[in-house]
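A.B. asks: Heads up, the final residue of the sequence shown is numbered 612 in this note's numbering, and it's a clean run with no missing numbers.
Backbone N, C-alpha and C fix where the C-beta goes; we use that ideal spot for every residue, glycine too.
Can you keep this structure in mind? I'll have questions shortly.
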Amino acid sequence: MRKKLSHQISNVLTVISLCLLTMFFFYEESKAVENLLHHSEDRQVVVFYSSATGEIDEHQRLLDMALHSFTNDVLWVPIEHAKREHFQNKTHLVYYGQTITSIPPEMNQWVQEFDGEVLAIGYNVHPFSEVFNFIEVGFPQTITELFVNEDYESRHETYPVPVLNVSVGRNQTVDIHSSGGDGSRHFPMYVQKDQYHYFASPRIDKPFSIYFSNVLVEFFNHDYRDNHYGYLRLEDIHPLVNPEHLMAIAEELKHLEIPYMMAVIPVYTHPETGRQYHFSDSPEVLEALLYMQDHGGSVVLHGYTHQFRQSETGEGFEFWDVENEMPIYHDADTEDPVLYEEEDFINPSDYDDYVEQNHTFEREYIESRITRGVQELVNFGLYPLAFEAPHYTMSQHGYEVLSDYFSTYVGQLQLSDEKWEIMDTTPLPTTPDFLHGMTLLPETIGYVQPDAEQPVQNVMNEVEFYQSVDSSLIGGFYHPYIELKYFDDFSDELLKREDITWIDLKDYQNHVEVEHVTIQSGEGEIEVEIDRTKLLTTSIEFPAYHLRNLAQSYAWVIAGISGGTVFVFIGLIFFQVIRRKIREED
């Protein structure tokens with residue numbers, strides 16, 4: 027009889043275990059929704075460019091970011107390789123004169139014959155004098171302020187920066203969409219006449235990127251929505267953050283009905299001991315994250331350890347060797363790694379083999395960390411929908427590798443493999459060619475810095491600046507480990523504004539796929555497909571986490587049964603005592 031009862035209890039516990047695991051991996055199918063991009067299939071763009079090396083560099087990548095907010099059809103051609111056929115079937119032509127160079131003489135005739143919109147940027151516009159006869163471009167002039175249109179009240183101060191001195195020809199009717207000034211004089215910066223547009227700065231990084239986006243609004247004749255989109259990202263959430271801070275912020279955002287992102291680091295590495303902490307070591311933090319995911323938060327994978335070598339998680343770099351200013355082409359314990367150049371090789375094929383070896387190492391390194399990061403979060407019930415590289419640093423090849431696993435990238439972008447500090451953002455969501463199909467949701471307004479004189483006001487100044495671009499994305503982040511008083515101020519100044527629509531990543535199409543796991547989102551839902559058996563066999567820690575949870579659940583069940591038995595036993599004794607006293611009184 028006891029064996030039969032024991033067997034029945036065992037069956038019941040097995041069913042309960044299977045139900046718990048099924049509930050853990052359960053999902054509902056989601057539907058696709060309109061995304062945030064402003065693409066039009068009617069826009070086919072050809073870009074002729076001049077650069078210092080003749081190759082695409084950080085300057086062209088900035089233009090790449092700007093253009094791909096409006097179109098996904100861009101052909102890039104070095105100016106010295108320009109041919110007549112490059113103009114065929116194109117609706118828009120861009121010439122980017124980032125450096126001073128000569129222009130093929132036939133280009134003037136080809137541009138005259140082109141019947142689409144034409145935009146010239148920076149230097150070397152004089153060979154196109156037939157179509158840009160409404161302006162004269164002189165020597166550079168230093169400006170310290172920028173203006174939208176000819177409204178000189180919309181003033182934005184900037185550090186001293188040169189622009190080309192443009193004068194408008196006599197009796198010419200033009201539109202001046204933006205201008206610069208030096209405190210006493212004003213210089214046209216973006217001038218348009220009919221289908222011809224000229225931007226007087228060879229630089230299109232910040233602060234010019236704001237005004238250049240307005241150039242493209244006119245260039246593409248784009249109709250914008252009136253409102254601005256925005257996102258809030260809670261940054262550097264790892265297993266050792268304060269769960270009380272997380273919950274306080276989560277409750278406030280839930281109350282305000284504002285969706286947000288959580289930049290999550292699965293593993294914290296102690297810089298002195300090297301010990302690694304996982305969310306299984308911090309159940310209160312994990313519980314807070316699960317609550318946040320269910321109440322407006324969307325997970326963004328922010329690296330796996332957010333560090334390289336012995337640096338501290340959150341402070342260190344992970345996908346860039348900052349000490350040697352190079353991509354991750356070597357192990358962390360490699361001393362004094364050397365990055366060779368093509369001139370160091372006698373045989374060009376040897377150099378090609380060397381580059382391929384470096385890329386193979388980097389690919390395997392990135393893939394292993396991304397895969398483990400996604401798998402570990404999914405094992406805890408957290409489903410990342412996008413990726414953000416630690417400190418925004420990653421090589422150009424790294425972005426290509428990343429695009430095999432994520433469809434959405436959040437933050438700013440590193441634009442050069444020479445220096446990690448060469449990075450920038452753009453005012454609008456975009457799909458630049460060098461992201462290989464990924465969509466960028468740019469971070470634009472920075473973050474609250476407690477040690478600044480005006481921590482929140484500094485962010486608000488950036489908000490006002492970026493809102494000068496129609497329908498720009500107001501993207502910023504907040505570190506939940508700093509004092510909560512700053513978040514209260516941040517909430518009052520920014521989050522309660524009614525002129526910003528806050529992005530919920532779950533509402534948009536996102537696709538994440540690593541070994542044994544596929545995640546998709548849309549219409550506020552997350553769809554997850556998991557090969558449970560293979561996932562649980564990837565690491566001994568994965569099934570161990572669930573077994574510990576089940577053991578704790580069973581312990582509570584057994585404790586409850588035991589407690590109930592004791593309660594009944596005490597009740598029976600109490601009943602017998604009362605009964606005996608009644609009999610004695612009788």
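At what residues does the alpha helix (DSSP H) containing residue 86 begin and finish?
C.D. replies: Looking at the DSSP string, the run of the alpha helix (DSSP H) that includes residue 86 is 84-93.
A.B. asks: Under the DSSP definition of a beta bridge, which residues are partnered with residue 482?
C.D. replies: Note: residue 482 sits in no beta bridge, so no partner.
A.B. asks: Going by beta-carbon coordinates alone, are residue 218 and residue 160 separated by less than 7 Å?
C.D. replies: No, they are not a contact pair.
A.B. asks: Expressed to the nearest angstrom, what Euclidean distance is found between the alpha-carbon atoms of residue 158 and residue 370?
C.D. replies: Going by the C-alpha atoms only, they are around 46 Å apart.
A.B. asks: Looking only at its own chain, which residues have a Cβ that is under 7 Å from the Cβ of residue 541, when we skip the five neighbours before and after it?
C.D. replies: Once the five neighbours on either side are set aside, the close Cβ partners of residue 541 are 397.
A.B. asks: So, with DSSP's three-state summary, where would you put residue 418?
C.D. replies: Note: residue 418 maps to helix in three-state DSSP.
A.B. asks: If we count Cβ pairs, one from each stretch, closer than 8 Å, do we get three or more for the region 276-284 versus the region 303-322?
C.D. replies: Yes, they touch.
A.B. asks: Cβ of residue 303 within 7 Å of Cβ of residue 317?
C.D. replies: No, they are not a contact pair.
A.B. asks: Does the distance from the C-beta atom of residue 465 to that of residue 434 stay below 7 Å?
C.D. replies: Yes, they are a contact pair.
A.B. asks: With a cut-off of 8 Å, do at least 3 Cβ pairs link the region 457-464 to the region 89-104?
C.D. replies: Touching, yes.
A.B. asks: Quick one: Cα of residue 108 to Cα of residue 284, how far?
C.D. replies: C-alpha separation (whole angstroms): 49 Å.
A.B. asks: Between residue 421 and residue 468, which are expected to be in contact by the criterion C-beta below 8 Å, what is the C-beta distance as a whole number of angstroms?
C.D. replies: Rounded, the Cβ-Cβ distance is 19 Å, inconsistent with contact.
A.B. asks: Is DSSP giving residue 59 helix, strand or coil here?
C.D. replies: Only weak support exists for where residue 59 lies, its pLDDT of 32 falling under 50; the coordinates are left without a value.
A.B. asks: Decide if residue 60 is buried, meaning its Cβ has at least 16 other Cβ atoms within 10 Å, or exposed.
C.D. replies: With a pLDDT of 41 at residue 60, under the threshold of 50, the predicted position of this residue should be treated as unreliable, though the coordinate-derived value follows. Its Cβ having fewer than 16 others within 10 Å, residue 60 is exposed.
A.B. asks: If you follow the alpha helix (DSSP H) that residue 223 is part of, which residue opens it and which one closes it?
C.D. replies: Taken as a continuous stretch (DSSP letters only), residue 223 belongs to no alpha helix (DSSP H), being part of the beta strand (DSSP E) at 222-225.
A.B. asks: Within 10 angstroms of its Cβ, does residue 71 collect 16 or more other Cβ (buried), or is it exposed?
C.D. replies: So residue 71 counts as buried.
A.B. asks: Can you list, in chain order, the residues of its chain with a C-beta nearer than 7 Å to that of residue 598? Leave out the 5 residues immediately preceding and following it.
C.D. replies: Its pLDDT being 48, under 50, residue 598 is placed unreliably by the model, and the measurement read from it follows with that caveat. So no residue of the chain qualifies.
A.B. asks: How many Å lie between residue 311 and residue 502 at the Cα?
C.D. replies: For residue 311 and residue 502, the distance between alpha carbons rounds to 23 Å.
A.B. asks: According to DSSP, is residue 151 helix, strand or coil?
C.D. replies: In the structure shown, residue 151 sits in coil (DSSP, three-state: anything other than H, G, I, E or B).
A.B. asks: Buried or exposed: where does residue 406 fall if 16 or more other Cβ atoms within 10 Å of its Cβ makes it buried?
C.D. replies: Residue 406 should be labelled buried.
A.B. asks: Can you tell me which of 255, 523, 68 puts its alpha carbon nearest to the alpha carbon of residue 142?
C.D. replies: Taking only the C-alpha atoms, the option nearest residue 142 is 68.
A.B. asks: Only counting the same chain, and skipping five residues up and downstream in sequence, which positions put a Cβ closer than 7 Å to that of residue 134?
C.D. replies: Excluding residues within five positions, the ones whose Cβ falls inside 7 Å are 153, 154, 156.
A.B. asks: Exposed or buried, what is residue 261 when buried is set at 16 or more other beta-carbons lying within 10 Å of its beta-carbon?
C.D. replies: That one is buried.
A.B. asks: Roughly how many angstroms lie between the CA atoms of residue 415 and residue 116, to the nearest whole one?
C.D. replies: Each residue's Cα considered, the two are about 35 Å apart.
A.B. asks: Closer than 7 Å by C-beta to residue 42: which residues in its own chain qualify, once you throw out the five before and the five after it? Chain order, please.
C.D. replies: The predicted position of residue 42 is uncertain, since its pLDDT is 43 and thus under 50; a value taken from the coordinates is nonetheless stated next. Excluding positions up to five away in sequence, the list is empty.
A.B. asks: Taking 7 Å as the limit between beta carbons, can you name the residues of its chain near residue 431, skipping five residues before and five after?
C.D. replies: Closer than 7 Å at Cβ, skipping near neighbours: 396, 538, 539, 540.
A.B. asks: Name the DSSP bridge partner or partners of residue 287?
C.D. replies: Its beta-bridge partners are 259, 324.
A.B. asks: Taking one C-beta from the region 219-227 and one from the region 185-204 each time, how about it: are there three or more such pairs within less than 8 Å?
C.D. replies: At 8 Å Cβ cutoff, the stretches touch.
A.B. asks: Going by DSSP in three states, residue 344 sits in which element: helix, strand or coil?
C.D. replies: Reduced to three states, the DSSP call for residue 344 is coil.
A.B. asks: I want to see whether chain D comes within less than 7 Å of residue 128, judged by CB atoms only; does it?
C.D. replies: Here there is only one protein chain, and chain D is not present.
A.B. asks: Keeping to the same chain, check which residues put their C-beta closer than 8 Å to that of residue 282; ignore five residues upstream and five downstream.
C.D. replies: Excluding residues within five positions, the ones whose Cβ falls inside 8 Å are 517, 521, 522.
A.B. asks: Can you tell me where the beta strand (DSSP E) holding residue 546 begins and where it ends?
C.D. replies: Note, residue 546: beta strand (DSSP E), 543-548.
A.B. asks: Can the beta-carbon of residue 399 be found closer than 7 Å to that of residue 292?
C.D. replies: It is a contact, given that the beta carbons lie within the stated cut-off.
A.B. asks: What is the rounded straight-line gap between the Cα of residue 103 and the Cα of residue 315?
C.D. replies: Spanning the two alpha carbons is a distance of roughly 47 Å.
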